[in-house]
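Going by mature numbering (1 follows the signal peptide of the UniProt record, and there is no 0), the letters in the sequence shown line up with residues -26 to -1, 1 to 422, in that order.
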Amino acid sequence: MAVRLQRPHAAVVFGFLLCCMSRVLPTPDPRRREALIQQEVSMQTGGALHVHDFSMVDVQWLVKNVTYRPHCYMCFTDNLSIRFIFMSQWPKPLPHCSPWNLLENLRAKVTNITDLDNSIMANLTLFTDDPEAAYPSQYVVWDRFEQKFQALWGLVTYAPVFRDYYYEGLRQFYMDNVMYLELRALLPELYELDGSTHDSTWTLKTYQDVTRQFTENYPDFYGARIIFTVHRGVNASVMTDVVEKAMKLQRDFPDIMAGFDLVGHEDKGRPLWYFRDALSLPAEKGVTLPFFFHAGETDLEGTDVDQNLLDALLFNASRIGHGFALLRHPVAKDLSRKREVAVEVCPISNQVMKLVKDMRNHPAAALLAENHPVVISSDDPAMFGSCGLSYDFYEAFVGFGGLRSHIGSLKQLVINSIKYSSLTNAQQEKALALWQNSWNKFVSENAF
């Protein structure tokens, strides 16, 4: 990976050309670009600390594997999306949706199954040939983004699929040389073919069981932990109940449960301060519940949403998700640096969701220059037509550091992903030792 020598001719991967959104620099010879990325893929990237549960697996796997399973039904919504359900009997009608189609029957009727499968995949990802036209504003892209998640819901929350989906997600990140994962998960009720359901405790236990199975099969994968999430659109009463549940899960599953977060579009959702009573419960009760808040994923100024960064620090967040607005808050920036509260930067996500077009203008470039703790992650890779973590590392390496980027930049980002994880100090030391072996091998096999 002769990145230092080739850097003047390189450019960030842009748009949905490979996995993300708009172009930042002129695209180089595709063969050179692909070679650089493949070399980055061969590098052990440490931990992925900001990844969401329903967007960790390539949608092609979902369509080619899951939708071909027996008893899979699909309907078309009024807003041009789709929904799925697995049922042993014909499902009841869904409001604002067409009559259910058994996919097995539908595929038997159509003349071109490939076109049907491609159409389904298009409904599960934001990938498009013309993102500027398809997503003219942040509100449009967020609306489409949330529609895609609703389309995925019936597929992934089917209990037999859920286990396979999570295992495949771990496998895809592992194949991309990620050794550790922290997954933000809604812990939804899972359902069976007869319509019976399992609660969030059962879901978390399933995460724990599958993680153990995966680490037994792949001993050089260090493991995974779950950050329990709730949508920020809920009211204060619901949030209180959810925080109570989170504290119980943290007590009952300390090995797999890492902490708590709120998800959803910040600009439209309720700010952290609205939930201050619920979020104060752990401290009031003397219970440890680490917070990993999404905060500052906005380009608005002077609003309640813009204050989420300050409130995240007020509630002693362990890390901050995105933190795009942090440069506009010097006090919060200095405080987070002094407290070593790392910012989870997701380059491709910030491009796709229209926070930044040119990676050279991303606030993370300034944060890194000031030695603010930063970790790189991929947020919702499957939704963006990507996979794993390497593409985000590539954008960060080339876009944030410019000509100053070198092998030491990559090394520090990987170390950060372990140092600022939720692992204990002893676990971090063990993980770093495991990573160091692969890093030494990577350096010995590449010229710098």
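For each residue, glycine too, the CB sits at the ideal point set by N, CA and C. Computed from a predicted model, the values in this text were never measured in an experiment.
- DSSP places Arg225 inside the alpha helix (DSSP H), whose first and last residues are Ala210 to Asp226.
- Per DSSP, Val84 lies in no beta strand (DSSP E) and is assigned neither H nor E.
- Of Leu164, Thr277, Gly169 and Pro193, the smallest CA-CA separation from Tyr181 is found for Leu164.
- For Ile294, the enclosing beta strand (DSSP E) covers residues Arg293 to His296.
- Following the DSSP letters along the chain, one finds Phe119 inside the alpha helix (DSSP H) bounded by residues Gln112 to Val130.
- Here the segment 201 to 214 makes contact with the segment 236 to 247; the two share three or more CB pairs at distances below 8 angstroms.
- By the neighbour-count definition (other C-beta atoms within 10 Å, threshold 16), Tyr47 is a buried residue.
- Residue pairing by DSSP leaves Cys320 without any beta bridge partner.
- The C-beta of Glu344 has fewer than 16 other C-beta atoms within 10 Å across all chains shown, which makes the residue exposed.
- For Glu156, the enclosing beta strand (DSSP E) starts and ends at Tyr154 to Ala159.
- Distances from the CA of Leu301 to each of Val184, Val317 and Thr175 were compared; the closest alpha carbon is that of Val317.
- The segment 388 to 396 and the segment 184 to 195 do not touch, with fewer than 3 CB-CB distances between them shorter than 8 angstroms.
- Straight through space, the alpha carbons of Val319 and Ala299 are spaced by roughly 12 angstroms.
- Counting every other CB atom within 10 Å of its CB across the protein chains shown gives Ala210 a total below 16, marking it as exposed.
- Counted as a single uninterrupted DSSP element, the beta strand (DSSP E) harbouring Met48 occupies residues Cys46 to Phe50.
- In the DSSP secondary-structure assignment, His205 is bridged to Val237.
- Cβ atoms of Ser391 and Gly20 come within 8 angstroms of each other, at about 4 angstroms.
- With a cut-off of 8 angstroms on Cβ pairs, the segment 399 to 406 is not in contact with the segment 359 to 366, counting fewer than three such pairs.
- With a cutoff of 8 angstroms on beta-carbon distance, Val130 and Phe202 are scored as not near each other.
- By the beta-carbon neighbour count (other beta carbons within 10 angstroms, threshold 16), Thr171 is exposed.
- Rounded to the nearest angstrom, the gap between the Cα atoms of Leu246 and Asp32 is 32 angstroms.
- Annotation: Val279 to Arg244 spans about 8 angstroms, alpha carbon to alpha carbon.
- Cβ neighbours of Ser412 within its own chain (closer than 6 angstroms, five residues either side excluded): Gln18.
- Non-local C-beta neighbours of Cys71 in its own chain, meaning closer than 8 angstroms and more than five positions away in sequence, comprise Cys49, Phe50, Thr51, Asp52 and Arg57, ordered along the chain.
- For Tyr165, the three-state secondary structure derived from DSSP is strand.
- For the pair Ser174 and His380, the Cα-to-Cα distance works out to about 44 angstroms.
- Residue pairing by DSSP places Ala22 opposite Leu155 in a beta bridge.
- DSSP links Gly197 through a beta bridge to Tyr154.
- According to the DSSP assignment, Ala269 belongs to the beta strand (DSSP E) that extends over Phe266 to Ala269.
- Contact between Val25 and Arg158 holds, with the beta-carbon distance rounding to 7 angstroms and staying under 8 angstroms.
- Annotation for Tyr140: Val184 place their beta carbon closer than 6 angstroms to its own, counting only its chain and skipping 5 residues before and after.
- The Cβ atoms of Ala220 and Leu287 lie no closer than 8 angstroms to each other.
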